[in-house]
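For the sequence shown, full-length UniProt numbering gives the first residue as 1, with consecutive numbering after it. C-beta atoms are modelled at their ideal positions from N, C-alpha and C, and glycine is treated no differently. In this text the structure is predicted, and so the values were computed from the model without any measurement. Scroll down for the structure; my scribbles are underneath it.
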Amino acid sequence: MSRRLVLADAGLAVIAEEGMRGLTHRAVDRRAGVPPGTTSNYFRTRRDLIVALTERLYRRLTPEDAALVEAAAREPTRDQWVRLMVELVERALAQPALHVALWEIRLEAVRRPELMPVLTELVRGGFRADVAFLHRSRLPGTAHEVRLLHLAINGLILELLTLPDALEVGDWPAIAADLVDRIVYATPGARVPLGDIER
């Protein structure tokens, strides 16, 4: 792994653990175990550092090409749609620090509008890639359904990683399946009980 990637991964770990206030060039040096000044040699300004971390973050969140090829070759069924959504959530749960860092960076972009174009292009690039995958995989649906699932699944991931008990999302695979049924197939699906929060 290149030195830039090592530093970027260290920076993401700093953000996940300490928030954006903890992100400094020196903090990244310490986390990466490199001599002081190394991070500033690669990323001169704080903006340069945040942009590099954001790009690295989205790359790490993107499945490997081989996995995408394998997934696109599966039968284009309702169960495949559900499997894709479940796998997406499973990847998020397996690397929660990346999503915490992502939310921190998004909030930072609200305070620092110069970061907005970078984030916007990365998000739209991911969306376009998902739509292209949809066409390759022959699954039913359009860009509209992909966008709705983006919004819904991102919300589910947020709940699972922050307040899983608030809206009782423990049976999240069933919730993911219900989202697919309602959004892609326009059918009610199996109703997931709400439990105490309904009373």
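Buried or exposed by the 16-neighbour rule on C-beta atoms within 10 Å, applied to residue i
i: Val89; result: buried
i: Val110; result: exposed
i: Ser1; result: Here residue 1 is Met; the residue named in the question, Ser, does not match the sequence. Met1 should be labelled exposed.
i: Met116; result: exposed
i: His144; result: exposed
i: Ala8; result: buried
i: Gly141; result: buried
i: Glu70; result: exposed
i: Glu84; result: Here residue 84 is Leu; the residue named in the question, Glu, does not match the sequence. The residue is buried, with at least 16 neighbouring Cβ atoms inside 10 Å.
i: Leu107; result: exposed
i: Arg47; result: exposed
i: Asp79; result: exposed
i: Asp165; result: exposed
i: Leu156; result: buried
Assumed close pair residue i, residue j - CB separation to whole angstroms, cut-off 8 Å
i: Ala13; j: Arg31; result: 6 Å
i: Arg138; j: Pro76; result: 4 Å
i: Ala186; j: Arg136; result: Actually they do not touch by this definition, with Cβ atoms about 23 Å apart.
i: Val146; j: Val131; result: 5 Å
i: Thr45; j: Val118; result: Contact flag wrong, Cβ pair sits at about 13 Å.
i: Trp172; j: Leu160; result: 6 Å
i: Glu104; j: Gly37; result: So it is not a contact: roughly 25 Å between Cβ atoms.
When the options are compared against residue i, the one with the closest alpha-carbon
i: Ala177; options: Glu159, Leu158, Leu149; result: Leu149
i: Trp81; options: Arg3, Ala101, Leu134; result: Leu134
i: Leu23; options: Pro35, Ile183, Met1, Leu49; result: Leu49
i: Thr62; options: Val180, Phe127, Leu160; result: Phe127
i: Leu98; options: Val86, Arg4, Arg59; result: Arg59
i: Glu87; options: Ile183, Ala174, Val184; result: Ala174
i: Arg112; options: Arg182, Val34, Val51, Ile183; result: Val51
Cβ-based neighbour list, residue i, same chain, cut-off 6 Å, excluding 5 preceding and 5 following
i: Val6; result: Ala32
i: Leu179; result: Ala152
i: Ala10; result: Val28, Arg31, Ala32
Close Cβ partners of residue i (< 7 Å) along its chain, the five nearest in sequence each way excluded
i: Ala101; result: Leu12, Ile15, Ala16, Leu57
Nonlocal neighbours in the same chain, by C-beta distance under 8 Å from residue i, ignoring five residues either side
i: Ala129; result: Thr62
Any 3 or more C-beta pairs closer than 8 Å across the stretch 39-53 and the stretch 62-69
Judged by pairs of C-beta atoms under 8 Å, the stretch 39-53 does not touch the stretch 62-69, as fewer than three such pairs exist.
Touching by the beta-carbon criterion (3+ pairs, under 8 Å), the stretch 119-134 and the stretch 86-101
In short, these stretches do not touch, since the Cβ pair count stays below three.
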